[in-house]
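Structure first, commentary second.
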Amino acid sequence: MFKVTIDNHTIEVEEGTTILQAARMIGGIVVPPAMCYYSKLKESGGKCRTCLVKVAQGSARDPRPLPKLVASCRTPVADGMVVQNITSQEVIETRKAIVEFLLINHPLDCPVCDQAGECDLQDLSYDNGKEESRFEEAKRSFRVIDIGDKIQLHMNRCILCYRCVYTADQLTDKRSHGILYRGDVSEISTYIQTDVTNDFSGNMIDVCPVGALTDKTFRFKNRVWFLNPMNANRSCSKCSGKVTAWMRGGEVYRITGRKDQFGEVEEFICNECRFEKKELSDWTIEGPRNIKRASVISQNHYEKSKKPSVILPLENRTVSLDEFKNGSNNEIQL
Amino acid sequence: MDRRILLNNIAVPGIRTFEVFRSTGGYLSVMKALKEMTPDDVIEEVKKSGLRGRGGAGFPAGMKWSFLDKKSNKPRYLICNADESEPGTFKDRFLMEKIPHLLIEGMICSCYALGAETGYIYVRGEFKYIVGILNEAIREAYQNGLLGKNILGTSINLDIHVHSGAGAYICGEETALIESLEGKRGNPRIKPPFPAVVGLYGSPTVVNNVETLCNIGFIVNQGGSEFARYGVGKSTGTKLISACGNINNPGVYEIEFGLSVREFLYSEKYCGGIKNGKELKAVIAGGSSVPILPANLILKTAAGEERMLSYESLAEGGFVSGTMLGSGGFIVFDEDACIVRNTWNLTRFYHHESCGQCSPCREGTGWMENVLHRIENGLGKARDIDLLVSIAAKIEGNTICPLGDAAAWPVASAIRHFRHEFEEHVLHPESCKNSAIRQLDNVQIRRLENV
Amino acid sequence: MGVALVAILLVFKDIVKDIVGVALVAILVLSNEIIKNNGIMLDKIITHPLHEKKNSTVCFSETALFKVQQIIARYPSGKQKSALLPLLHIAQEEFEGYLSVDVMDYVASLLNIQPIEVYEVATFYSQYYLERVGKNVIEICRTGPCAICGGEAIQSYLEKKLAIKTGETTPDGLFTLKAVECLGACGSAPVMQINTEFYEYLTTEKIDKILADLSSKAKEEKPEKSLWIEEFF
């Protein structure tokens, strides 16, 4: 077991745990935001740079600090490592800069975007964004394309996290979309006119941190904050059938995977459950789903600004893995 | 200060062929290494030599070799990085074109030291004719029993293959090169793990620059301590400097570390002074990625000492008043050169070459190019200069690979040393002789005034 | 611009007020118009077309197929994907100088990989052409060292001489002019590369001669492809 200290919280973790995973075990405001890392997708992470943290002490054996900020999602902890996330001004400043970079070419079309209200980029910019933009140039823009009859791709909104590519690689047997071209004109595309057809392709929508991949069966049907997320299940031959049914009154508007407190689905679900089963009679409703108190979905508005620049002194504490898994004291039931 | 290691026999006619190369003492090191030395002996000599990587970062080669995961039972690989694409640098091309066997010799000794049975030479796609030359050299080496099974009657087996890239500067970064060699997009990998542990096909891999590997033959033959007698301080040996820009004699020169920049720049033996009798304005001393220095700071350090060509002397003063040796691409600007235009040009290069994987580099390089393009075209605003400094500072150090730094440094240093030129471009864009503003119509200039 | 940003921020902060949102979008659109009319910002639309698969039969020549086997053998078994870059070079040489969807699918089948893996790679590297190009592709270097030695003037001279813009092909299909980044021959700036040949220390007179030579050579047959493949791979 390795001992690691993150923003003055000390925790013991297994060898090979990354800084981000350790921070998630501690929970709360010390968890760095992650736009590209997805614990259920191998090789993901390291790209968006929002989770950069400062390693103030490399390890107990070699206490020198690391020269650069590191991507917490891909850096394994060392025994005696001391990490600063929101207790480092450098980290906060850098995170602001990364958000600025992510937003300069983002269309900021939240009012017409289906992802609004459950968008990681929106949350990130609310926490770390600046109130004005220094970017005066033209934004790059791509055409909207359909990849299959169920999924629409708004490349303008994409932050190139590669999650959907890893999803297709690791969940399906034949990937037909990928990252094309290079640099700031690179895009997610199929290159040829083709459909992404696979029983699990719909999971690309769930893993997408922004509104780049949206569910065409739900497009413009409703705002997520008007819907009630309910745990629901059905017996399915392809997947576990455990889903979140987003309902209003007696109507099922859309089906997604069950997302945990870090926005990751607990289990990937199949396209039949996601796209085909939109009747209440298709589902056994278990009850309302826990939603983060801070989420717009739970309160119909954002919380008052709680900028992380105020550093609270926190006493050391150790969190067990069980506590981490069950602990969702920051959630409420709708 | 004019001893040579690499180019002693460069003028010998036919040195490109095996026969002639052999007759000048070529491949002796292979015999010595394989028959008289253990692999660890070779590594020890390389460590003793103090040889530093010649590709740009200057990391000690012996230390890089010693990181190779010895416990792994996977095959090991040596990759020669011949993806020379840094603007201003053309030394590896020169070596491979003129004396390809020097590289093969160095690779055989290195593979022996590292226990690698396969070596790849990753040549940038634009150098197709070099691929032909290298393949011919490799064929000759096979014919003469220096490659293949049981080299020189020992139990050592080694194959060397040439792999052609296809036009991507980023593949000069070692993990991007490995990805590219695996037939993928040249996206740099996230480190750790480093290639010495998880490299090509997940196996322990060492990636060395052409010039680095060309030095190995000498080190094996003469010993590491003899190599260390060349040069000055921790900059041991010699360095190929590729000089270009506004000088009388552009070309590749082998210099011994410790030669003064002034002599290199003005001596007839080297650059031969500034073209057309003009004055020196600035120098980018180590390939386009390193900070640009104005005439006074490249000739003398801020402390008033004579600036020398060595890792330490060029870095004297840090980023405030110093630069880096980098890959040895020496770009000289005369008094007429427009720093703003050049900075925009280089930023366009980095924008074009960014792989687009991580956000600061993907978005930041394009942003900087846009702003610089605006300034260069007479549409800049006073606040743009500070904006550029700020963008560069936020890219630097926050990216997956060093391309972000390489894109940020030229901008940051150009503004640090030539801020007045940027301001002049913003305030009086029409006054610059080289500016693109002259091509703009008056309407656009009036619009500029109204913004 | 400022108005647009305030609008966006308002939207961010109070996302539920849909009606306000719609009004703000209107402002956003309007202000975009204003910016456009100001002549400073233009939309930067990235047009990457979705390509067409023609399902034509594609097959390498025997020489090329033999070479393909040799190249694949350079990499450990199971790692045949490594041969992708060299194979695409050969494919480009074999099939009219560019990579059509059918050609890339054929390469994918040779290496037993998914077509998208080929598209990803072919679009990443600048030396693979995805659209038809002229018989001679002129790649003029425009980066730093070449630029300060007159590279930009050579580029405009080429444009004038060929009567095309950079990126275009002459109507007779003989020349495509491309501006590329550093060719690694800065010591002999300005430089350009035509097909695999480097042309150095360029002057306008040299350009005239090179273009004339290539035009007359175009009337002769192209050299044997097998030779090309043998020499460079």
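Chains as they are written, first to last, in the numbering used here: chain A, 1 to 334; chain B, 1001 to 1451; chain C, 2001 to 2233.
Each residue gets a CB set at the ideal place from its N, CA and C atoms; glycine is no exception.
Predicted, not measured: the structure shown is a model, and the values here were computed from it.
From the DSSP secondary-structure annotation, give me the bridge partner or partners of residue i.
{"i": "F2175 of chain C", "result": "C:N2136"}
{"i": "G178 of chain A", "result": "A:S189"}
{"i": "I1274 of chain B", "result": "B:I1247"}
{"i": "C1338 of chain B", "result": "Bridge partners of C1338 of chain B: none, in fact."}
{"i": "N1221 of chain B", "result": "Its beta-bridge partners do not exist; DSSP assigns none."}
{"i": "M230 of chain A", "result": "A:A245 and A:P288"}
{"i": "H1161 of chain B", "result": "B:Y1120"}
{"i": "A71 of chain A", "result": "A:L52"}
{"i": "A1082 of chain B", "result": "B:V1123"}
{"i": "V83 of chain A", "result": "A:I6 and A:V55"}
Going by DSSP in three states, residue i sits in which element: helix, strand or coil?
{"i": "A245 of chain A", "result": "strand"}
{"i": "Y1230 of chain B", "result": "coil"}
{"i": "R2142 of chain C", "result": "coil"}
{"i": "R1022 of chain B", "result": "helix"}
{"i": "G1329 of chain B", "result": "strand"}
{"i": "I1395 of chain B", "result": "helix"}
{"i": "F350 of chain A", "result": "A question about residue 350 of chain A goes unanswered here, because the residues of chain A that appear run from 1 up to 334."}
{"i": "I1324 of chain B", "result": "Strictly speaking, residue 1324 of chain B in this sequence is Met, with Ile absent from that position. Residue state, collapsed to three classes: coil."}
{"i": "K336 of chain A", "result": "As shown, chain A starts at 1 and ends at 334. That puts residue 336 of chain A outside it, with no answer to give."}
{"i": "V265 of chain A", "result": "strand"}
{"i": "E2220 of chain C", "result": "coil"}
{"i": "L312 of chain A", "result": "At L312 of chain A, the pLDDT of 46 sits below 50, so the modelled position is not reliable and the matter cannot be decided from this model."}
{"i": "H154 of chain A", "result": "coil"}
Residue range of the beta strand (DSSP E) that residue i falls in?
{"i": "V1283 of chain B", "result": "L1280 to I1284"}
{"i": "F2198 of chain C", "result": "E2197 to Y2199"}
{"i": "N290 of chain A", "result": "N290 to K292"}
{"i": "A56 of chain A", "result": "L52 to Q57"}
{"i": "V144 of chain A", "result": "Neither: V144 of chain A is in no beta strand (DSSP E) and is coded neither H nor E."}
With a cut-off of 8 Å, does the C-beta of residue i fall near any C-beta of chain C?
{"i": "F1264 of chain B", "result": "no"}
{"i": "V1232 of chain B", "result": "no"}
{"i": "G178 of chain A", "result": "yes"}
{"i": "K304 of chain A", "result": "Its pLDDT being 46, under 50, K304 of chain A is placed unreliably by the model, and nothing is read from it."}
{"i": "S309 of chain A", "result": "Below a pLDDT of 50, predicted positions are generally treated as unreliable, and S309 of chain A, at 46, falls in that range; no measurement from the model is reported."}
According to the Cβ coordinates, are residue i and residue j closer than 8 Å?
{"i": "L2088 of chain C", "j": "K2135 of chain C", "result": "no"}
{"i": "I1079 of chain B", "j": "Y1120 of chain B", "result": "yes"}
{"i": "S1359 of chain B", "j": "R49 of chain A", "result": "yes"}
{"i": "P1087 of chain B", "j": "L1346 of chain B", "result": "yes"}
{"i": "S186 of chain A", "j": "L160 of chain A", "result": "yes"}
{"i": "P76 of chain A", "j": "T17 of chain A", "result": "yes"}
{"i": "L20 of chain A", "j": "S88 of chain A", "result": "no"}
{"i": "K1459 of chain B", "j": "N1342 of chain B", "result": "Lying outside 1001 to 1451, the shown extent of chain B, residue 1459 of chain B is not represented and no answer is given."}
{"i": "F1090 of chain B", "j": "A2185 of chain C", "result": "yes"}
{"i": "I188 of chain A", "j": "L2050 of chain C", "result": "no"}
{"i": "G1286 of chain B", "j": "L1314 of chain B", "result": "yes"}
Any Cβ of chain B within less than 8 Å of the Cβ of residue i?
{"i": "S2031 of chain C", "result": "Because the pLDDT at S2031 of chain C is just 42, under 50, the model does not fix this residue reliably, and the value given afterwards should be weighed accordingly. Answer no: the Cβ-Cβ gap between S2031 of chain C and chain B never drops below 8 Å."}
{"i": "E12 of chain A", "result": "no"}
{"i": "H2089 of chain C", "result": "yes"}
{"i": "P2190 of chain C", "result": "no"}
{"i": "P2115 of chain C", "result": "no"}
Measure from the C-beta of residue i to each C-beta in chain A and report whether the shortest distance is under 8 Å.
{"i": "E1117 of chain B", "result": "no"}
{"i": "W1367 of chain B", "result": "yes"}
{"i": "G1356 of chain B", "result": "yes"}
{"i": "I1400 of chain B", "result": "yes"}
{"i": "K1394 of chain B", "result": "yes"}
{"i": "L1387 of chain B", "result": "yes"}
{"i": "K2053 of chain C", "result": "yes"}
{"i": "H1425 of chain B", "result": "no"}
Span of the alpha helix (DSSP H) holding residue i?
{"i": "R95 of chain A", "result": "Q89 to I104"}
{"i": "V2118 of chain C", "result": "P2115 to F2124"}
{"i": "E12 of chain A", "result": "Taken as a continuous stretch (DSSP letters only), E12 of chain A belongs to no alpha helix (DSSP H), being part of the beta strand (DSSP E) at H9 to V13."}
{"i": "I1015 of chain B", "result": "Where I1015 of chain B is concerned, there is no enclosing alpha helix (DSSP H), given that its DSSP letter is neither H nor E."}
Taking 8 Å as the CB-CB cut-off, is residue i touching chain E?
{"i": "V2107 of chain C", "result": "This model lacks chain E altogether; the protein chains it does include are A, B and C."}
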